[in-house]
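Participant:
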Amino acid sequence: MLDRLLKLLQGDPQTAAEEPHFSVAVLLVEAGLMQGDFTEDERAMTARLLSRRFALSPDEAAELITRAEVRARSTAQYFPFTNSLNNSMSIDDKIEVVEMLWRIAYVDGVLDPFEDQLIRQVGGLLHVPDRERMLARKRVLGA
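Note that our numbering has the sequence shown beginning at 177, numbered continuously upward.
In structure tokens form, the structure reads like this:
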């Protein structure tokens, strides 16, 4: 456990490559941080999304979010995480990740321009077509 924490704090690039669920968690936390802080509503939604997508227990999801928050606060790069997902996920799975990002962005009922920019950028890095990104947004909004 201590070795993993040290690797995380040192910015071990293998963490993202080894754990696609960690990459998704970092991106979700990053979306939550776009307005300055990671609110309890955003944290709860992130836990639900990760638990559902990766069949995690509440404790496992909480631990994953804690690790992801440390990484998200210490890096401004999305590529290691999106690259991990590009190497391990189908296009349908990546569209699901974009939809998860929209869910975090809209958890407070308001889309911040920085959240929108993040989702656009991550969607591009994941090679998710703009049309699919916008359809994912519509699904989240219930349209």
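Glycine included, every Cβ here is placed at the ideal spot set by N, Cα and C.
1. Hey, quick one: how far does the alpha helix (DSSP H) through glutamine 211 stretch, first residue to last?
2. Would you mind working out which of Arg229, Arg219 and Gly208 sits nearest aspartate 268, comparing C-alpha positions?
3. Taking the straight line between their C-alpha atoms, what separation do you get for leucine 301 and serine 199?
4. Determine the contact status of histidine 197 and leucine 225, defining contact as a CB-CB distance below 8 angstroms.
5. Residues in its own chain within less than 6 angstroms of serine 264 by CB, not counting five upstream and five downstream?
6. Less than 8 angstroms separating the beta-carbons of methionine 210 and phenylalanine 290?
7. Please state the DSSP three-state secondary structure of methionine 310.
8. What residue ranges within the segment 206-283 form continuous alpha helix (DSSP H) runs of no fewer than 4 residues, ordered along the chain?
Facilitator: Reading from the atomic positions:
1. On the sequence shown, position 35 is the one that residue 211 refers to. Element bounds for glutamine 211: n/a, residue is neither H nor E.
2. Indexing the sequence shown from 1 puts residue 268 at position 92. For the residues Arg229, Arg219 and Gly208, the minimum Cα distance to aspartate 268 belongs to Arg229.
3. Residue mapping note: residue 301 aligns to position 125 of the sequence shown, counting from 1. Residue mapping note: residue 199 aligns to position 23 of the sequence shown, counting from 1. So the alpha carbons of these two residues sit roughly 13 angstroms apart.
4. To locate residue 197, count along the sequence shown from 1; it is residue 21. To locate residue 225, count along the sequence shown from 1; it is residue 49. Not a contact, by the Cβ cut-off of 8 angstroms.
5. Stepping through the sequence shown from its first residue, residue 264 is reached at position 88. Correct list, in chain order: Pro196.
6. As a working mapping, residue 210 is identified with position 34 in the sequence shown. As a working mapping, residue 290 is identified with position 114 in the sequence shown. Contact flag set, yes.
7. As a working mapping, residue 310 is identified with position 134 in the sequence shown. Helix.
8. Entirely contained in the segment 206-283, the alpha helix (DSSP H) runs reaching 4 residues are, in chain order, 216-230, 234-250, 255-264 and 267-281.
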